[in-house]
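**Student:** Converting from the sequence shown to this note's numbering requires adding 3 to each position, the first position being numbered 1.
Beta carbons are placed, not taken as given, at the ideal position from N, Cα and C, and that holds for glycine.
Okay, here's the structure, questions in a sec.
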Amino acid sequence: TFGQKLLMIGFPDGLPAKVEDGGAVTDTGSSNGYEFFTASTDAFGGNSGSGVFDEQGTMIGVLVRGVTDYVFDSERGCRVVNELPNSAGGEGITYVDRVAQFQPSQPAQPPALPPPPLPPLAPCSVSVDSGPCSLTKNGTHSCVTSPGFPGDYPNDKGCTITCLPAANTVEAFDVEEETSCQYDYLEVNGVKYCGTSGPPNGEPAGAVQWVSDFSVTAKGWKICWELENGSSPSAPPSSMPSPPPPAPPAGSPRYVACGRTGRCDESDRWAAPSEKHEVRCCSDSRIDGWKKKDGCSVWSESDDDEMGGKCHHNKNFAQASTICEDAGARLCTRAELQGNCARGSGCGHDRDLIWSGTESEAAAPPPPPSASPSPPPPSASPAALSIEFQVTVAGGS
């Protein structure tokens with residue numbers, strides 16, 4: 004009812020938790036068919052998905068949208084907190100009965116494949132392809148460490164290290180401990196390590212991924228190795244080749260990835276365009292109110308005004324793509340989603356699979372074979388005969 008006092012419990016960006024009890028209903032939502040109501044709750048970026056309760060402690064809604072947190076002050080030449088009068092009601096809260104109607108996405112047939120394995124070793128030099136991890140070299144002795152080592156690693160940082168040699172030694176390992184390693188972890192050969200038990204020495208690593216979440220830090224890790232005469236790591240012997248990543252199934256040319264790495268029950272995978280998943284958009288240029296994460300080059304959002312001011316649940320690929328195009332943006336790429344560039348951008352999608360704009364190379368049909376060569380004229384000698392062969396290789400990713 005109008006004027007009803009509210010209590011909100013949630014987790015905005017930069018805070019472990021927030022309990023806010025100063026808001027009240029300013030519009031019951033009669034104009035929108037009672038899908039959502041508007042309130043003066045003091046919410047902030049990242050609060051989307053927070054439960055909203057009445058004075059009796061009954062949950063009556065879920066926060067899904069709100070006005071921009073900061074606005075530009077032309078007099079002072081900077082962005083300031085967007086202050087609203089208590090009667091304005093800048094936060095949209097979906098009624099809990101409407102939220103309960105949402106069903107989790109159901110994967111279409113064929114059954115989902117496991118996520119593509121990390122790339123196999125190949126002749127190359129060790130490198131930090133992305134993120135703030137450190138690589139040091141001293142003659143034939145080299146080491147790679149977590150950001151800030153031997154100090155504590157920072158929150159919300161990730162790295163990808165490629166071509167780590169098989170003959171390596173884990174000299175230090177101290178990472179936030181959790182049973183399933185879903186918060187902070189080092190992923191080697193598809194296995195996540197946390198706590199004080201790192202990967203075994205000499206593990207054939209190849210590509211390695213480091214992820215830290217928004218809270219709790221520790222000392223981190225250090226992995227070192229010796230190279231003979233400064234040589235680079237090479238591929239395993241041909242007698243034991245690493246299997247290539249499986250090609251995506253036919254009719255499943257788009258990739259879906261978790262809204263925040265390590266938070267989803269389902270694995271990242273290829274998906275048929277007819278499946279229904281959640282929508283987040285990315286923009287290569289700044290859009291007011293959209294969020295840009297450190298280390299990322301895009302701005303992202305889930306429910307801003309450009310997206311109709313509402314969350315977008317259970318959409319097929321075509322619908323998701325249109326939503327982002329209408330907002331003047333695009334679907335995030337697979338790399339941007341897996342790099343956590345869209346995390347915390349609203350609607351509680353950090354635990355959902357999100358449509359990416361990444362299309363499978365295997366979905367494109369191979370070029371048709373060339374026509375058979377014409378037979379040589381009768382007068383042609385064997386030495387003058389030339390036959391061309393064309394080999395077509397269908398790529399997979």
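Under DSSP, the alpha helix (DSSP H) around Phe320 begins and ends at which residues?
**Tutor:** 320-329
**Student:** Can you give the Cα-Cα distance for Val219 and Gly36, rounded to whole angstroms?
**Tutor:** 43 angstroms
**Student:** Work out the CA separation of Asp76 and Arg82 for me, nearest whole Å.
**Tutor:** 6 angstroms
**Student:** Based on Cα-Cα distance, which residue from Gly80, Ile290, Gly26 lies nearest to Phe56?
**Tutor:** Nearest C-alpha to Phe56: Gly26.
**Student:** Suppose the cutoff is 7 angstroms on Cβ atoms and the five residues either side in sequence are ignored; what does the same chain contact list for Val99 look like?
**Tutor:** Met62, Ile63, Gly64, Val65
**Student:** For the beta strand (DSSP E) containing Glu174, name the first residue and the last one.
**Tutor:** 171-177
**Student:** Looking at the unbroken alpha helix (DSSP H) that takes in Ala338, where does it start and where does it end?
**Tutor:** 337-341
**Student:** For the stretch 310-328 and the stretch 219-230, state whether three or more C-beta atom pairs, one from each stretch, are separated by less than 8 angstroms.
**Tutor:** no
**Student:** Are there 16 or more other CB atoms within 10 angstroms of the CB of Thr4, so buried, or fewer, so exposed?
**Tutor:** exposed
**Student:** Please state if the CB of Ala42 and the CB of Leu9 are separated by a distance shorter than 7 angstroms.
**Tutor:** yes
**Student:** Restricting to Cα atoms, I'd like to know which of Thr336, Glu339, Met310 is closest to Thr325.
**Tutor:** Cα-wise, what sits closest to Thr325 is Met310.
**Student:** Using a Cβ-Cβ cutoff of less than 7 angstroms, which residues in the same chain neighbour Gln7 once the five nearest sequence positions on both sides are dropped?
**Tutor:** Here the set comprises Ala27, Val28, Asp57.
**Student:** Would you tell me roughly how many angstroms separate the C-alpha atoms of Ser133 and Ala260, rounded to the nearest one?
**Tutor:** 18 angstroms
**Student:** Figure out for me which residue from Glu94, Gly347, Pro256 has the closest Cα to the Cα of Arg266.
**Tutor:** Gly347
**Student:** Could you check where the beta strand (DSSP E) with Glu86 kicks off and where it finishes?
**Tutor:** It is not in any beta strand (DSSP E) - Glu86 carries neither H nor E in the DSSP assignment.
**Student:** Using a 10 Å radius around the Cβ and a threshold of 16 neighbouring Cβ atoms, would you call Leu87 buried or exposed?
**Tutor:** exposed
**Student:** As an exercise, report each continuous beta strand (DSSP E) stretch of at least 3 residues that is fully enclosed by the stretch 249-299, in chain order.
**Tutor:** Correct list: 257-261, 272-274, 284-286.
**Student:** Buried or exposed, going by whether 16 or more other CB atoms sit within 10 Å of the CB of Ser286?
**Tutor:** buried
**Student:** Give me the residue from Ser34, Cys327, Trp293, Gln322 with the minimum Cα distance to Cys344.
**Tutor:** Trp293
**Student:** Where does Ser149 land, buried or exposed, given buried means 16+ other C-beta within 10 angstroms?
**Tutor:** buried
**Student:** Which residue comes first and which comes last in the beta strand (DSSP E) that contains Ser27?
**Tutor:** Correcting the residue identity first, residue 27 is Ala in this sequence and not Ser. Its beta strand (DSSP E) spans residues 21-30.
**Student:** CA-CA distance, Thr182 and Lys195?
**Tutor:** 11 angstroms
**Student:** Of the residues Ile290, Gln322, Arg337, which one's Cα is nearest the Cα of Lys279?
**Tutor:** Gln322
**Student:** Alpha carbons only, please: which of Tyr156, Ala221, Gly54, Phe47 is nearest the one belonging to Val70?
**Tutor:** Phe47
**Student:** Let me know the beta strand (DSSP E) ranges lying completely inside the stretch 125-153, each 3 residues or longer, listed in chain order.
**Tutor:** 130-133, 137-141, 144-148
**Student:** Within the same chain, show all residues whose beta-carbon is closer than 6 angstroms to that of Lys295, passing over the 5 residues directly before and after it, in chain order.
**Tutor:** Cβ neighbours of Lys295 beyond the five flanking positions: Trp302.
**Student:** Could you give the DSSP three-state label for Asp100: helix, strand or coil?
**Tutor:** helix
**Student:** Just the C-alpha distance for Gly154 and Asp187, rounded to the nearest angstrom, thanks.
**Tutor:** 16 angstroms
**Student:** Do Cys261 and the ligand NAD come close, with the Cβ less than 6 angstroms from some heavy atom?
**Tutor:** What this structure holds is no ligand at all, so the ligand NAD is not there to describe.
**Student:** DSSP three-state call for Arg354: helix, strand or coil?
**Tutor:** In the three-state scheme derived from DSSP, where H, G and I count as helix and E and B as strand, Arg354 is classed as helix.
**Student:** Less than 8 angstroms between the CB atoms is what I'm expecting for Val67 and Cys350, so what's the real figure, rounded?
**Tutor:** 6 angstroms
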